[in-house]
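Each remark here refers to the structure printed beneath this line.
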Ligand code: NAI
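Numbering (the numbering used here), first residue to last: 63 to 529.
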């Protein structure tokens, strides 16, 4: 499942020809290396800029970055051989859209010096939600302030579309009252700066509370946690199992009996436990809990990854294709969560409950031939939002990840030309790898993401379709 075009245009004559013809030239992304996770965190010095009212918050951010042994600078000066590894824009003080002008132009003056695989990350504050709850929040916010805050979102997404050479731009949007030094702001910033977020581009992640805590060891944030991953025999699920195990978790992998051999191979690799189980079984959650508790004493993290495709135009759709898909992709996670979301079921040994489910970026945008799949995946987003409150009240989080085009067995069945168009339809001009989705899931499962709840994070290279 490799992208031959990407390999070709990264050197020699094909690279020159592609440049002359104006063809896409996707870059090799800066990804995590199992032997040296997060070292170095960025490919060069980090510049911290701010709007005029956020200088003190920018100082706090700069101090925090220094604690990670980064070369942090407050002035846009580089020596000849240097390139910026990242630019962090602290825009928490904007009160009018015109406040964006100075930091935007300062960013403009340094962008040519951004290293391949570099990062632009904004920190800003939340504007009123589309449907204001409570209404009072929207009422109290001056329109110019709301315009400035939402202006950051539009600015950031456009910067992401202009970057090249595998560089990305993403933002953290802080609720009022959440400090820039809050654990989830620091955790989110570290994730977005690092190679772990290689295929996350043009996204704004909301930090709603001061919750969460820093791991004792950033290289093993899930040390001692116990996680179940459904559909772990191959593709994204197998990658999730590997990354969670690398981050210190014990993993229970679930898949259908027909995938038993492949599941055993993955679980042997990560020293985990294989459970052959169809997740549509009525007692699936109880069986998973029983295995996790017998083996490890508790279960902390649930990753609802198993999924199927039953594509057909709606005019040709049959009841079994629609119903089979709903049964696996949404009814099973809903039923299992009736057990997992009960207070006291997940969590133990100091680890807070975490539920992360797989949505789909193209499905959320609406996809021809995928009415059933899109209904199920949009359902995942609704389920995630609804469970965020109750699970949040017991200190846990429920989030979703929406992958774009990812190179797996599932997408290998797509005809070659359609596949190539899908790859080019994102700002990074390529498909993602299962590990990219796995890294985002591992971050949302980690203690440092405790203030991020009810969100759907797209891992799509800023796919040009959808929200
Ligand atoms: P895949 O088809 O390679 O793997 C899915 C796994 O789930 C298989 O091992 C399969 O045996 C298992 N599974 C299916 N039904 C099951 C059941 N009833 N009980 C237990 N296990 C079951 O799929 P891939 O590409 O790794 O996708 C994983 C998830 O990510 C799915 O939810 C998919 O919808 C989602 N996704 C994938 C994208 C992609 O581009 N590959 C894009 C967007 C979302």
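Think of the CB as a built atom: it goes at the ideal place given N, C-alpha and C, for glycine as much as any other residue.
Please read these numbers as outputs of a predicted model, since none were measured by experiment.
Taking the straight line between their C-alpha atoms, what separation do you get for residue i and residue j?
i	j	result
residue 197	residue 486	Unreliable positioning characterises residue 197 in this predicted model, as indicated by a pLDDT of 46, which lies under 50. A coordinate reading is not provided.
residue 218	residue 337	43 Å
residue 323	residue 410	31 Å
residue 325	residue 431	30 Å
residue 436	residue 384	11 Å
residue 526	residue 488	5 Å
residue 491	residue 357	43 Å
residue 267	residue 184	10 Å
residue 446	residue 257	26 Å
residue 244	residue 163	27 Å
residue 210	residue 505	29 Å
residue 173	residue 450	38 Å
residue 373	residue 157	47 Å
residue 121	residue 265	24 Å
residue 307	residue 316	15 Å
residue 224	residue 263	11 Å
residue 448	residue 378	33 Å
residue 73	residue 521	27 Å
residue 397	residue 344	8 Å
CB residue i to CB residue j, shorter than 8 Å?
i	j	result
residue 452	residue 419	no
residue 270	residue 513	yes
residue 301	residue 500	yes
residue 180	residue 222	no
residue 477	residue 297	no
residue 479	residue 462	no
residue 169	residue 140	no
residue 261	residue 498	yes
residue 85	residue 146	no
residue 434	residue 375	no
residue 368	residue 299	yes
residue 509	residue 274	yes
residue 114	residue 65	no
residue 14	residue 303	Since the displayed the chain opens at 63 and closes at 529, residue 14 lies outside it and no answer follows.
residue 493	residue 467	yes
residue 405	residue 456	yes
residue 401	residue 331	no
residue 362	residue 415	yes
residue 484	residue 246	no
residue 242	residue 144	no
residue 103	residue 130	yes
Can you check DSSP and say which residues form a bridge with residue i?
i	result
residue 366	419
residue 232	183
residue 614	Outside the shown range of the chain (63 to 529) lies residue 614, about which nothing can therefore be said.
residue 337	316
residue 461	418
residue 135	109
residue 410	413
residue 520	464
residue 146	176
residue 151	111, 184
residue 525	488
residue 94	None; residue 94 has no bridge partner.
residue 494	468
residue 5	Absent from the model: residue 5. The displayed extent of the chain is 63 to 529, so no value can be given.
Let me make sure I understand the geometry here. Which of the options has the alpha-carbon closest to that of residue i?
i	options	result
residue 175	161, 432, 105, 480	105
residue 153	121, 163, 168, 186	186
residue 320	246, 306, 340, 314	340
residue 366	84, 113, 138, 417	417
residue 142	161, 177, 121	177
residue 535	347, 344, 468, 126	Here the chain covers residues 63 to 529 and nothing more, so residue 535 does not appear.
residue 313	328, 334, 405	334
residue 134	398, 255, 414, 412	255
residue 408	245, 123, 380, 288	288
residue 440	455, 465, 459	465
residue 516	458, 524, 523	458
residue 155	206, 173, 191, 182	206
residue 523	344, 422, 400	422
residue 342	382, 391, 122	391
residue 16	188, 400, 469	No information on residue 16 is available, as it lies outside the stretch 63 to 529 that the chain covers here.
residue 290	129, 360, 276	360
residue 191	236, 95, 277	236
residue 112	132, 67, 124, 370	124
residue 276	251, 259, 292, 294	251
residue 214	240, 165, 371	165
| task | Indicate whether the contact test is met: 3 or more Cβ pairs, each with one atom in the stretch 88 to 96 and one in the stretch 222 to 234, closer than 8 Å. | result | Verdict: yes, contact present.
| task | Specify whether the stretch 468 to 476 and the stretch 281 to 288 touch according to this definition: at least 3 beta carbon pairs, one from each stretch, less than 8 Å apart. | result | A contact is defined here as three or more CB-CB pairs under 8 Å, and the stretch 468 to 476 fails this definition with respect to the stretch 281 to 288.
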